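>
In our numbering, the protein residues as written are 2 to 86.
Next comes the structure, spelled out in C-alpha coordinates:
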(Lines of atoms letter the chains of each structure in order from A and count residues from 1; the text may use other names and numbers.)
(Lines give C-alpha, C1' and ligand atoms only; values in the text may rest on other atoms or scores of the structure.)
Protein backbone atom coordinates (compact mmCIF):
# COMPACT_ATOMS: atom_id res chain seq x y z
CA UNK A 1 0.00 0.00 0.00
CA UNK A 2 1.40 3.38 -1.03
CA UNK A 3 0.92 6.50 1.10
CA UNK A 4 1.49 10.01 -0.26
CA UNK A 5 2.92 12.94 1.70
CA UNK A 6 -0.55 13.94 2.98
CA UNK A 7 -1.20 10.47 4.36
CA UNK A 8 -3.63 9.36 1.64
CA UNK A 9 -3.40 5.81 0.36
CA UNK A 10 -3.45 4.91 -3.29
CA UNK A 11 -6.04 2.43 -4.50
CA UNK A 12 -4.94 -0.80 -6.10
CA UNK A 13 -6.19 -0.78 -9.67
CA UNK A 14 -7.64 -3.63 -11.72
CA UNK A 15 -5.95 -4.95 -14.85
CA UNK A 16 -4.69 -3.32 -17.11
CA UNK A 17 -4.30 -0.17 -15.00
CA UNK A 18 -2.40 -2.13 -12.35
CA UNK A 19 0.51 -2.25 -14.85
CA UNK A 20 0.80 1.57 -15.02
CA UNK A 21 3.66 2.87 -12.91
CA UNK A 22 2.54 5.23 -10.14
CA UNK A 23 3.54 8.86 -10.51
CA UNK A 24 4.44 11.41 -7.89
CA UNK A 25 1.40 13.20 -6.47
CA UNK A 26 1.36 16.96 -6.94
CA UNK A 27 3.65 19.00 -9.12
CA UNK A 28 1.06 19.25 -11.90
CA UNK A 29 2.29 16.23 -13.88
CA UNK A 30 -1.19 14.68 -14.15
CA UNK A 31 -2.74 18.00 -15.17
CA UNK A 32 -0.01 18.60 -17.78
CA UNK A 33 -0.42 15.14 -19.31
CA UNK A 34 -4.22 15.40 -19.29
CA UNK A 35 -4.17 18.88 -20.85
CA UNK A 36 -1.82 17.72 -23.59
CA UNK A 37 -4.15 14.81 -24.39
CA UNK A 38 -7.24 17.01 -24.48
CA UNK A 39 -5.64 19.62 -26.73
CA UNK A 40 -4.22 16.92 -29.00
CA UNK A 41 -7.69 15.36 -29.38
CA UNK A 42 -9.33 18.74 -30.04
CA UNK A 43 -6.87 19.56 -32.82
CA UNK A 44 -7.13 16.08 -34.39
CA UNK A 45 -10.95 16.13 -34.26
CA UNK A 46 -11.19 19.68 -35.65
CA UNK A 47 -8.71 18.86 -38.39
CA UNK A 48 -10.63 15.78 -39.44
CA UNK A 49 -13.90 17.73 -39.37
CA UNK A 50 -12.46 20.15 -41.94
CA UNK A 51 -10.87 17.37 -44.01
CA UNK A 52 -14.10 15.36 -43.79
CA UNK A 53 -16.08 18.31 -45.09
CA UNK A 54 -13.94 18.51 -48.21
CA UNK A 55 -13.94 14.71 -48.59
CA UNK A 56 -17.74 14.69 -48.45
CA UNK A 57 -17.93 17.38 -51.13
CA UNK A 58 -15.62 15.38 -53.40
CA UNK A 59 -17.33 12.02 -52.72
CA UNK A 60 -14.42 10.49 -50.83
CA UNK A 61 -16.11 10.09 -47.43
CA UNK A 62 -18.83 7.37 -47.52
CA UNK A 63 -19.73 7.87 -43.86
CA UNK A 64 -20.53 4.60 -42.12
CA UNK A 65 -18.76 2.47 -44.73
CA UNK A 66 -15.38 0.96 -43.81
CA UNK A 67 -13.61 1.01 -47.16
CA UNK A 68 -9.84 1.33 -47.41
CA UNK A 69 -10.04 3.83 -50.28
CA UNK A 70 -12.43 6.19 -48.42
CA UNK A 71 -11.62 8.65 -45.65
CA UNK A 72 -14.22 7.49 -43.11
CA UNK A 73 -12.35 4.36 -42.02
CA UNK A 74 -9.07 6.25 -41.57
CA UNK A 75 -10.80 9.07 -39.70
CA UNK A 76 -12.39 6.62 -37.25
CA UNK A 77 -9.09 4.83 -36.62
CA UNK A 78 -7.02 7.99 -36.12
CA UNK A 79 -9.58 9.86 -34.01
CA UNK A 80 -10.14 6.81 -31.78
CA UNK A 81 -6.38 6.34 -31.39
CA UNK A 82 -6.06 9.99 -30.38
CA UNK A 83 -8.65 9.41 -27.65
CA UNK A 84 -6.66 6.60 -26.09
CA UNK A 85 -3.52 8.60 -25.36
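By construction, the Cβ of each residue, glycine as well, lies at the ideal position given by its N, Cα and C atoms. Please read all numbers here as calculations on a predicted model, not as lab measurements.
Round the Cβ separation of residue 80 and residue 45 to the nearest angstrom and send it over; I've been treating them as touching at under 8 Å.
What you label residue 80 is simply residue 79 of the chain shown in a count that begins at 1. What you label residue 45 is simply residue 44 of the chain shown in a count that begins at 1. Contact holds; Cβ gap of about 6 Å.
> For residue 64, report the span of its alpha helix (DSSP H) as first-last.
Translated into positions along the chain shown, residue 64 becomes position 63. No alpha helix (DSSP H) holds residue 64; DSSP gives it neither H nor E.
> For residue 72, report the span of its alpha helix (DSSP H) as first-last.
Taking the first residue of the chain shown as position 1, residue 72 is located at position 71. According to the DSSP assignment, residue 72 belongs to the alpha helix (DSSP H) that extends over 72 to 84.
> If you draw a straight line from the alpha carbon of residue 76 to that of residue 58, how long is it in whole angstroms?
Taking the chain shown and counting its residues from 1, one reaches residue 76 at position 75. Taking the chain shown and counting its residues from 1, one reaches residue 58 at position 57. C-alpha separation (whole angstroms): 16 Å.
> How long is the line joining the alpha carbons of residue 22 and residue 34, rounded to whole angstroms?
Against the chain shown, residue 22 aligns to sequence position 21. Against the chain shown, residue 34 aligns to sequence position 33. The alpha-carbon of residue 22 is positioned some 14 Å away from that of residue 34.
> Using the C-alpha atoms, what's the distance from residue 31 back to residue 49?
What you label residue 49 is simply residue 48 of the chain shown in a count that begins at 1. What you label residue 31 is simply residue 30 of the chain shown in a count that begins at 1. A straight line joining the alpha-carbon of residue 49 with that of residue 31 spans about 27 Å.
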